[in-house]
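A.B. asks: Below is one structure. I have some questions about it.
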Amino acid sequence: MKFLITAGPTREPIDPVRYISNRSSGKMGYAIAQAALDAGHEVVLISGPVALPAPARAQLVRVTTADEMYDAVHANLGGIDIAVLCAAVADFKPAVFVARKIKKSAGIPMIELVPTRDILASLGALPEKKFLLAGFAAETDDLEKNAREKLEKKRCDVVVANDVSAPGLGFESDENELTIFLPDQPGRVLPRGSKSDIAKVLVKILCAAQ
Ligand code: CTP
Numbered sequence: 102m103k104f105l106i107t108a109g110p111t112r113e114p115i116d117p118v119r120y121i122s123n124r125s126s127g128k129m130g131y132a133i134a135q136a137a138l139d140a141g142h143e144v145v146l147i148s149g150p151v152a153l154p155a156p157a158r159a160q161l162v163r164v165t166t167a168d169e170m171y172d173a174v175h176a177n178l179g180g181i182d183i184a185v186l187c188a189a190v191a192d193f194k195p196a197v198f199v200a201r202k203i204k205k206s207a208g209i210p211m212i213e214l215v216p217t218r219d220i221l222a223s224l225g226a227l228p229e230k231k232f233l234l235a236g237f238a239a240e241t242d243d244l245e246k247n248a249r250e251k252l253e254k255k256r257c258d259v260v261v262a263n264d265v266s267a268p269g270l271g272f273e274s275d276e277n278e279l280t281i282f283l284p285d286q287p288g289r290v291l292p293r294g295s296k297s298d299i300a301k302v303l304v305k306i307l308c309a310a311q
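With the numbering used here, the residue at position 194 of the sequence shown is 295, and numbering never jumps.
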């Protein structure tokens with residue numbers, strides 16, 4: 102099968118030296134890419150800026166901003182069977198990019214933010230989608246309720262939820278615990294383990310659901 106996977110954060114530039122971003126390390130998305138490759142699948146990995154080596158045999162597309170990630174995803178949909186949108190895309194970006202460095206001496210800047218385009222929702226809204234669409238949900242409260250809302254709102258086939266409030270899990274960590282939600286099925290917990298072990302199970306579940 103052919104996977105398209107997004108991973109890592111995006112960076113939304115304010116001026117030539119500053120940006121808005123988040124704590125995503127890309128480790129979960131890269132682990133899913135590696136697990137899919139190890140299981141013999143083809144992988145297009147669309148990655149924001151991370152400090153991780155490129156998985157051998159993946160087709161790696163490097164992007165920086167949410168807009169670049171949106172365009173790269175839409176340009177690489179051909180022939181895919183499973184899309185796993187694991188990236189922590191910035192929800193907001195500065196309304197304008199200031200071409201010259203903002204000087205402290207000019208006072209405290211007011212930075213107007215505008216929403217980025219939602220890549221996951223844009224795939225869910227495709228009229229004749231032939232691939233399985235999996236989104237991620239990072240939650241601190243009401244995991245199941247929020248994950249199931251995301252399933253419906255963004256029209257995905259699968260939502261993979263992680264509790265980012267749990268100590269030692271999620272962002273930057275090598276371990277994770279995930280709960281997988283499909284419509285009309287009880288949530289399936291993948292108990293705490295290395296991101297690489299969890300990714301192997303997730304790849305199997307996604308292939309079975311396709
Ligand atoms: N996502 C995306 N494009 C965006 C924002 C998010 O594709 N511009 C995807 C992420 O890759 C992930 C899912 O949407 O698969 C996360 O949804 P989001 O609504 O951002 O969830 P949270 O980050 O959990 O935010 P919130 O709780 O505010 O809804």
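In this text, a Cβ means the ideal position worked out from N, Cα and C, and glycines have one as well. Keep in mind it's a predicted model, so treat the numbers as computed, not measured.
#1: What is the residue span of the beta strand (DSSP E) that Asp-182 lies within?
#2: Using a 10 Å radius around the Cβ and a threshold of 16 neighbouring Cβ atoms, would you call Phe-198 buried or exposed?
#3: Measuring straight from C-alpha to C-alpha, what distance separates Arg-249 and Ser-223?
#4: Report yes if the C-beta distance between Arg-163 and Leu-138 is below 8 angstroms; otherwise report no.
#5: With 16 other CB atoms within 10 Å as the buried threshold, where does Val-304 fall?
#6: Please classify Asp-286: does DSSP put it in a helix, a strand, or coil?
#7: Indicate whether the contact test is met: 3 or more Cβ pairs, each with one atom in the segment 204 to 216 and one in the segment 229 to 237, closer than 8 angstroms.
#8: How many Å lie between Lys-103 and Ala-134 at the Cα?
#9: Of all the beta strand (DSSP E) runs that stay within the bounds of the segment 196 to 257, which reach a length of 3 or more residues?
#10: What residues match up with Leu-138 in a beta bridge as DSSP calls it?
#11: Can you tell me whether Pro-287 is buried or exposed, with buried defined as 16 or more other CB within 10 angstroms of its CB?
#12: Can you check whether the CB of Thr-107 is closer than 8 angstroms to the CB of Ser-122?
#13: For Pro-216, collect the residues of the same chain with a Cβ closer than 7 angstroms to its Cβ; drop the 5 residues on either side in sequence, then sort them by chain order.
#14: Considering only C-alpha positions, which residue in the set Lys-202, Pro-284 and Ala-189 is nearest to Val-151?
#15: Grouping DSSP H, G and I as helix and E and B as strand, with all else coil, what is Leu-168?
#16: Can you tell me which of Asp-116, Ala-262, Ala-132 and Gly-109 puts its alpha carbon nearest to the alpha carbon of Ser-125?
#17: Classify Val-144: buried if its beta carbon has 16 or more other beta carbons within 10 angstroms, exposed otherwise.
#18: Here's the rule: buried if 16 or more other CB atoms are within 10 angstroms of the residue's CB, otherwise exposed. What is Pro-154?
#19: On a Cα-Cα basis, can you pick out the residue from Asp-219, Cys-257, Glu-278 and Val-259 that is closest to Ala-267?
#20: According to DSSP, is Gly-109 helix, strand or coil?
#21: Using CA coordinates, which residue listed in Asp-116, Met-129 and Val-118 is at the minimum distance from Glu-273?
#22: For the beta strand (DSSP E) containing Asp-264, name the first residue and the last one.
C.D. replies: Working from what's here:
#1: No beta strand (DSSP E) contains Asp-182, which DSSP labels as neither H nor E.
#2: Under this definition Phe-198 is an exposed residue.
#3: Distance between the alpha carbons of Arg-249 and Ser-223: 18 angstroms.
#4: Contact: no.
#5: A residue is called buried when at least 16 other Cβ atoms come within 10 angstroms of its Cβ; Val-304 meets this threshold and is buried.
#6: It should be pointed out that residue 286 corresponds to Gln in this sequence rather than to Asp. Here Gln-286 sits in coil by DSSP.
#7: Judged by Cβ distances under 8 angstroms, the segment 204 to 216 makes no contact with the segment 229 to 237, as fewer than three pairs qualify.
#8: If I take the Cα positions, the gap works out to 11 angstroms.
#9: Complete beta strand (DSSP E) runs here, min 3: 214 to 216 and 233 to 240.
#10: According to DSSP, which records beta bridges pairwise, Leu-138 is partnered with nothing at all.
#11: With fewer than 16 other beta carbons inside 10 angstroms of its own, Pro-287 counts as exposed.
#12: No, Cβ-Cβ distance for Ser-122 and Thr-107 is not below 8 angstroms.
#13: Contacts found: Asp-192 and Phe-193.
#14: Cα-wise, what sits closest to Val-151 is Ala-189.
#15: Residue 168 is actually Asp in this sequence, not Leu. Asp-168: helix per DSSP, three-state reduction.
#16: Answer by Cα proximity: Gly-109.
#17: So Val-144 ends up on the buried side.
#18: With fewer than 16 other Cβ atoms within 10 Å, it is exposed.
#19: Closest by alpha carbon: Glu-278.
#20: Judged by DSSP in its simplified three-state form, Gly-109 adopts coil rather than helix or strand.
#21: Looking at the Cα atoms, Met-129 is the closest of the given residues.
#22: Per DSSP, the continuous beta strand (DSSP E) segment holding Asp-264 begins and ends at 259 to 264.
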